[in-house]
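*Asks:* As given, the protein sequences belong to chains C and U, one line each in that order.
Numbering-wise (numbering that gives the first Met the number 0), the first sequence opens with residue 0 and increments by one.
Numbering-wise (numbering that gives the first Met the number 0), the second sequence opens with residue 0 and increments by one.
Don't be surprised by glycine CBs; every beta carbon is placed ideally from N, CA and C.
2 protein chains.
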Amino acid sequence: MFELAESDPSLSDSEAKRLIPQLRTRLLRAQYKFLERKERALLILIGGIDGAGKGDTINLLNDWMDARHIHTMAFTRPTEQDRVYPRQYRFWRALPAKGDIGIVFGSGYAPLMEEALKKRPNPDLFEDMILAARRYEADLVANGVQVIKLWFHLSKKAQQARMQELLQNPSTAWKVAPEDRDVPKRFKHLRQAAQRIIESTDSAHAPWIIIPAADENVRMVRTGQAVLEALQRRTVRVPPLHDPAVLPTLKRQRNPLTELDYSAQLSKDDYQTALLHWQNRLARLVRSKGFVQKHALMIVFEGSDAAGKGGAIRRITQAIDARQYDIMPVAAPKPFELDRPYLWRFWRRVPRLGQISIFDRSWYGRVLVERVEKLIPRSVWHRAYAEINGFEHQLAHSGVIVVKFWLAITPAEQLKRFKERESHPYKQYKLTPEDWRNRRKWKAYETAAADMLVHTDTSHAGWHLISANDKRHARIEVLKQLVKRIEQAIDDDD
Amino acid sequence: MFELAESDPSLSDSEAKRLIPQLRTRLLRAQYKFLERKERALLILIGGIDGAGKGDTINLLNDWMDARHIHTMAFTRPTEQDRVYPRQYRFWRALPAKGDIGIVFGSGYAPLMEEALKKRPNPDLFEDMILAARRYEADLVANGVQVIKLWFHLSKKAQQARMQELLQNPSTAWKVAPEDRDVPKRFKHLRQAAQRIIESTDSAHAPWIIIPAADENVRMVRTGQAVLEALQRRTVRVPPLHDPAVLPTLKRQRNPLTELDYSAQLSKDDYQTALLHWQNRLARLVRSKGFVQKHALMIVFEGSDAAGKGGAIRRITQAIDARQYDIMPVAAPKPFELDRPYLWRFWRRVPRLGQISIFDRSWYGRVLVERVEKLIPRSVWHRAYAEINGFEHQLAHSGVIVVKFWLAITPAEQLKRFKERESHPYKQYKLTPEDWRNRRKWKAYETAAADMLVHTDTSHAGWHLISANDKRHARIEVLKQLVKRIEQAIDDDD
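If you want it as structure tokens, here you go:
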């Protein structure tokens, strides 16, 4: 894999002088076409051996192209502040919009490399990290972010010479960090780790490209060509997922909604007693050290129109200090949100440590309204089950407790509530013509909901089906399940 | 001012029971109208004596209204992470969108109170903080954010009783921070400071409302009424600014653009030598400790179309590591940006410590294109001079070096460049019908530019007028002025 790069190929200055102006013109032209099409973003992940001139080359790319549409990001080890959010949070937030180019130093491959270089790498952890990287890249590509990965490489001899050169010149010595000076000694070890990582994460949709880096001319031209090819690619497709562990088969499953007891109810007195009890427990829990120091909470409310989401949310927030929560009403994505992968706008809303985000509708719109209204092709919402499961898994893995409620009512109950709203002085606002339209598609929404409830009912973020024809019963059930899930998460820490 | 509040008025439970349901209905209705109109946002700043039940009352507001459109924020003392941005950054970022309500604990009044409570407050600092608060609120109101400020107050006796009560109940004792237990002793002192602050910052457009807080019923009802009145106000207007120190008189000034020597030029050889020299100095400067540990840099490029902004930017970025800068091309604001005060989107782009943001066009669009194209009334762009000067002053005060370039070319030179672009294989992209339209309005744009150059040429962020008919001359001038400004800022630290 590294044979060519370690032969340290070179290019004469005269040849470079001939090639580079052509390359620059083509790069710039390709960039403007890419920007004009606005079909996808390009993400360039940078890796490689130290002293291989990665930084210089990227500066050059910025110089050759229109740097206003290139965003270069360097992620260092997470700081204390970064750690109040899940690990993937900062990478997601930084994704470029369609038409733009993002260049990333210190991507998720930096910790992977660190692990691989350990005296005794943890094989399970390593394997998990590889899988996570593959999944992440596939999800990006499937969502309009093209990915290429450049690995800058050179021979051991050339690396040593380059380090010496950098160190001898006072104006470049700063580029060599103290820990990098050891690298020549570790060359073989590093090479082995890189080979393993590259082999496990190379793919047609997110390829690794080895850049021979000993000679500046070769390095520049090869990097430019790699970016040019990426910009010029007509389409980038992810192979369909086949892994049944992540992607469900969509044959008709039993519908959990039909198994629910819609007659469940609670008397006014029992309700008052229960409300006080569960709100008190919730209030204590969310202020406890066990919660605020290790967890955050995302609560999802889905269900038909008029299922009582708002009322249930209020019974939760009554128990919580207003400074600790935020409620996100989720409607159709805005243009700047459509320019990014679907889950981007929800990553932005992930709560920090100790905080609570409540979603009134959520990312499940992808497999509900967007599916039913045919806003996206089947392949996209089908794939979304796996993407969503992955998203929630990452959250749960970082200590974010994800609690999802489906408030289930019958069509007759919905009709009754619509009529009530029509005649209510200020609840009229809540009823729109769209609600009536959706109601006519009850069957299609129910099918979509049933599929969703089956395919995204994971061990780390299961669905709570709430029988909601009786509001009192529903509200208490919500509080109770929520309290139990938080208690469980805190217990699991010990 | 505190007479009524310190008489600790009370309201019987039966009376409260009569008033509150009406109040809630009216609040909710007013909120939905406010949301529907989407004319402005409402920002509620919370202050008051400790133990006055501020937190409880705000939780109640969230419960009474539709909490999905209320965002409660608590700002504590700035952390290390907060300090890498200017002080006002986090307040600006958190502003609610039009139609929404933001409730803020720990606003800018918290540090003001701290200063006022010192044994020997610094009178100049105090005065500056008062002025800053007044300016900030006036700017918000002028930009569609209504502001009300609630001060929760009670008598010394009632406060002492309340503290005792909270401390005795284990489920509320947490609400009393150790430092708060001293407060009864400091009551007189605190009262004096509060009075001084409230008197100096009360205004018709951003009023202080004193909430008697000893009795829970009175506190709830009075708070609800205050918010209701705010939501129901038809219009909120800031009195026009009269202070000539902040707002310029718009009588015709001398036009600095006519005084420029447009014939300045540089030979190719001199250019190459100078380029190397200034880029080297710039490269060293932006990596120096004096810069990265104490400063950030915002570079603004304005000028007619084809004035050479892009080329000048490239000569700067060639000297800087791509990880250290970002370029922001500024076009018309997007809908979600129009929902906030004009400067909001630029506050979001303020660089963190050690970083560099380069603006290809900028917030000056307010007094250039928006004025010339009559997108906003005269009073708005007139006021913008003061707002912009204030914005840049706050940046400069926090160590952000703001360097502004106007690249000036003659109409003849522009025509020549347009023609060149028309025939160039990939520069065609740069020329749009809008460029020709703007060219026909040359005179109007020149007048706007001249006014801007005069009225925003401040000591902390002066304009650099660059004669740019000769690109080589312009690029070297830009680099030179930039280097000198950074050097100056670092020198001033000592």
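1. In whole angstroms, give me the CA-to-CA distance for glutamate 79 of chain U and asparagine 121 of chain U.
2. Per DSSP, what are the beta-bridge partners of methionine 112 of chain C in this structure?
3. Where does the unbroken alpha helix (DSSP H) through lysine 155 of chain C begin, and where does it stop?
4. Leaving out five residues before and five after histidine 152 of chain U in sequence, what residues of the same chain have Cβ atoms less than 8 Å from its Cβ?
5. Measuring alpha carbon to alpha carbon, tell me which residue in U:Gln224, U:Pro332, U:Thr234, U:Gln21 is nearest arginine 360 of chain U.
6. So with Cβ pairs under 8 Å, would you call phenylalanine 345 of chain U a contact of chain C?
7. With 16 other CB atoms within 10 Å as the buried threshold, where does arginine 271 of chain U fall?
8. So leucine 265 of chain U and histidine 472 of chain U are supposed to be a Cβ contact under 8 Å. How far apart are they, rounded?
9. Give me, in chain order, the residues of the same chain whose beta-carbon lies closer than 7 Å to that of lysine 293 of chain C; leave out the 5 immediate sequence neighbours on both sides.
10. Which complete alpha helix (DSSP H) runs does the region 366–405 of chain U hold, if anything under 4 residues is left out?
11. Quick one: which unbroken alpha helix (DSSP H) runs of 4-plus residues sit fully inside the region 310–352 of chain C? Chain order, please.
12. Within 10 Å of its beta-carbon, does lysine 308 of chain U have 16 or more other beta-carbons around it, so buried, or fewer, so exposed?
13. I need the straight-line Cα distance from glutamate 386 of chain U to histidine 454 of chain U, nearest angstrom please.
14. Given that a residue counts as buried once 16 or more other Cβ atoms are within 10 Å of its Cβ, and exposed if not, what is leucine 42 of chain C?
15. Between the alpha carbons of glycine 389 of chain C and tryptophan 462 of chain U, how many angstroms are there, rounded?
16. Considering only residues of the same chain and omitting the five flanking positions on each side of isoleucine 465 of chain U, which have a CB-CB separation below 7 Å?
17. Does DSSP classify serine 466 of chain C as helix, strand or coil?
18. Which runs of the beta strand (DSSP E) fall wholly inside the region 6–71 of chain C and span at least 3 residues, in chain order?
19. Rounded to whole angstroms, what's the CA-CA distance from leucine 27 of chain U to aspartate 99 of chain C? Just pull it up for me.
20. In this structure, does DSSP put proline 211 of chain U in helix, strand or coil?
21. At the level of alpha carbons, what is the spacing between tyrosine 108 of chain C and arginine 76 of chain U?
22. Counting contacts by CB-CB distance shorter than 8 Å, is phenylalanine 151 of chain U in contact with chain C?
23. Please check the pair aspartate 66 of chain C and glutamine 145 of chain C, which I expect to be a contact at CB under 8 Å, by giving their CB distance rounded to whole angstroms.
24. Would you list the residues sitting across from alanine 295 of chain U in a DSSP beta bridge?
25. Are valine 237 of chain U and valine 83 of chain U close, meaning C-beta to C-beta below 8 Å?
26. Taking leucine 71 of chain C as the query, report the chain U residues whose CB atoms sit under 7 Å from its CB, ordered along the chain.
27. Name the residue from C:Trp435, C:Thr457, C:Tyr363 whose alpha carbon lies nearest to the alpha carbon of histidine 392 of chain C.
28. Would you grab the beta carbon distance between alanine 383 of chain C and valine 371 of chain C for me? Rounded to a whole angstrom, and I think it's under 8 Å.
29. Let's test the definition: count the other Cβ atoms within 10 Å of the Cβ of alanine 448 of chain C and tell me whether it reaches 16, buried, or not, exposed.
30. Output the distance between the C-alpha atoms of alanine 15 of chain U and serine 9 of chain U, rounded to the nearest integer angstrom.
31. Exposed or buried, lysine 53 of chain C, counting other C-beta atoms within 10 Å across all chains shown (16 or more means buried)?
32. Along chain U, in chain order, which residues have C-beta atoms closer than 8 Å to that of aspartate 359 of chain C?
33. Name, in chain order, the residues that DSSP records as bridge partners for valine 103 of chain C.
34. Do tryptophan 63 of chain U and glycine 302 of chain U come within 8 Å of each other at the CB atom, strictly closer than that value?
35. May I ask you to list the residues that DSSP assigns as paired with lysine 148 of chain U?
36. CA-CA distance, leucine 166 of chain U and leucine 44 of chain C?
*Replies:* This is what the structure holds:
1. Working through the second sequence from its first residue, we reach residue 79 of chain U at position 80. Working through the second sequence from its first residue, we reach residue 121 of chain U at position 122. If you take the alpha carbons of glutamate 79 of chain U and asparagine 121 of chain U, they lie about 24 Å apart.
2. If you number the first sequence from 1, residue 112 of chain C lands on position 113. Beta-bridge pairing links methionine 112 of chain C to no other residue.
3. Locating residue 155 of chain C in the first sequence gives position 156, counting from the first residue. Start and end: 155–167.
4. As a working note, residue 152 of chain U is residue 153 in the second sequence. Closer than 8 Å at Cβ, skipping near neighbours: Phe1, Ala4, Glu5, Gly47, Ile48, Ala51, Ala193, Ile209, Ile210, Pro211, Ala212.
5. As a first step, residue 360 of chain U must be located in the second sequence, where it is residue number 361. Looking at the Cα atoms, U:Pro332 is the closest of the given residues.
6. On the second sequence, residue 345 of chain U is found 346 positions in, with the first residue counted as 1. Taking Cβ atoms only, chain C never reaches closer than 8 Å to phenylalanine 345 of chain U, which makes this a no.
7. Against the second sequence, residue 271 of chain U aligns to sequence position 272. Correcting the residue type first, residue 271 of chain U is glutamine in the shown sequence and not arginine. Exposed.
8. What you label residue 265 of chain U is simply residue 266 of the second sequence in a count that begins at 1. What you label residue 472 of chain U is simply residue 473 of the second sequence in a count that begins at 1. With a Cβ gap of about 4 Å, leucine 265 of chain U and histidine 472 of chain U count as contacting.
9. One-based indexing of the first sequence puts residue 293 of chain C at position 294. Answer for lysine 293 of chain C: Gly398, Asp492, listed in chain order.
10. 368–371, 377–396
11. 334–337, 343–346
12. Translated into positions along the second sequence, residue 308 of chain U becomes position 309. Per the 10 Å Cβ criterion, buried.
13. For the purposes of this step, residue 386 of chain U is taken as residue 387 along the second sequence, with counting starting at 1. For the purposes of this step, residue 454 of chain U is taken as residue 455 along the second sequence, with counting starting at 1. Using only the alpha carbons, I get a separation of about 11 Å.
14. As a first step, residue 42 of chain C must be located in the first sequence, where it is residue number 43. Buried, since its Cβ has 16 or more Cβ neighbours within 10 Å.
15. By 1-based counting over the first sequence, the position of residue 389 of chain C is 390. By 1-based counting over the second sequence, the position of residue 462 of chain U is 463. Their backbone Cα atoms lie some 51 Å apart in a straight line.
16. Counted from its first residue, the second sequence places residue 465 of chain U at position 466. Correct list, in chain order: Phe404, Trp405, Leu406, Ala407, Ala473, Glu476, Val477.
17. Along the first sequence, read from residue 1 onward, the residue named residue 466 of chain C stands at position 467. Three-state result, serine 466 of chain C: strand.
18. 40–47
19. Working through the second sequence from its first residue, we reach residue 27 of chain U at position 28. Working through the first sequence from its first residue, we reach residue 99 of chain C at position 100. Whole-angstrom Cα-Cα distance: 43 Å.
20. For the purposes of this step, residue 211 of chain U is taken as residue 212 along the second sequence, with counting starting at 1. In the structure shown, proline 211 of chain U sits in a strand (DSSP, three-state: E or B).
21. Mapped onto the first sequence, residue 108 of chain C falls at position 109. Mapped onto the second sequence, residue 76 of chain U falls at position 77. If I take the Cα positions, the gap works out to 35 Å.
22. Residue numbering aside, residue 151 of chain U sits at position 152 when the second sequence is read from its first letter. So, not an interface residue.
23. Here residue 66 of chain C corresponds to residue number 67 of the first sequence, with the count starting at 1. Here residue 145 of chain C corresponds to residue number 146 of the first sequence, with the count starting at 1. The displayed chain sequence assigns alanine, not aspartate, to residue 66 of chain C. Wrong, their Cβ atoms sit about 19 Å apart, outside the cutoff.
24. On the second sequence, residue 295 of chain U is found 296 positions in, with the first residue counted as 1. Bridge partners of alanine 295 of chain U: U:Val399.
25. Within the second sequence, numbered from 1, the residue matching residue 237 of chain U stands at position 238. Within the second sequence, numbered from 1, the residue matching residue 83 of chain U stands at position 84. Against a cut-off of 8 Å, the Cβ pair of valine 83 of chain U and valine 237 of chain U comes out as no contact.
26. Position 72 of the first sequence, counting from 1, holds the residue named residue 71 of chain C. Reading off the sequence shown, one finds threonine at residue 71 of chain C, where the question assumed leucine. Near threonine 71 of chain C (Cβ distances below 7 Å), the residues of chain U are Ala321, Arg322.
27. Residue 392 of chain C sits at position 393 when you count from the first residue of the first sequence. Of C:Trp435, C:Thr457, C:Tyr363, the residue nearest in Cα terms is C:Thr457.
28. Counting from 1 along the first sequence, the entry for residue 383 of chain C is found at position 384. Counting from 1 along the first sequence, the entry for residue 371 of chain C is found at position 372. So it is not a contact: roughly 13 Å between Cβ atoms.
29. Within the first sequence, the letter at position 449 stands for residue 448 of chain C. That one is buried.
30. Taking the second sequence and counting its residues from 1, the one referred to as residue 15 of chain U is at position 16. Taking the second sequence and counting its residues from 1, the one referred to as residue 9 of chain U is at position 10. So the two alpha carbons sit approximately 10 Å from each other.
31. As a working note, residue 53 of chain C is residue 54 in the first sequence. Buried, by the Cβ-count rule.
32. Looking up residue 359 of chain C in the first sequence gives position 360. Correct list: Arg67.
33. Position 104 of the first sequence holds residue 103 of chain C. Per DSSP, C:Leu44, C:Met72.
34. Here residue 302 of chain U is taken as the residue at index 303 of the second sequence, counted from 1. Here residue 63 of chain U is taken as the residue at index 64 of the second sequence, counted from 1. The answer is no: Cβ separation not under 8 Å.
35. On the second sequence, residue 148 of chain U is found 149 positions in, with the first residue counted as 1. Lysine 148 of chain U is bridged to U:Leu44, U:Trp207.
36. Taking the first residue of the second sequence as position 1, residue 166 of chain U is located at position 167. Taking the first residue of the first sequence as position 1, residue 44 of chain C is located at position 45. In a straight line, the C-alpha of leucine 166 of chain U is about 55 Å away from that of leucine 44 of chain C.
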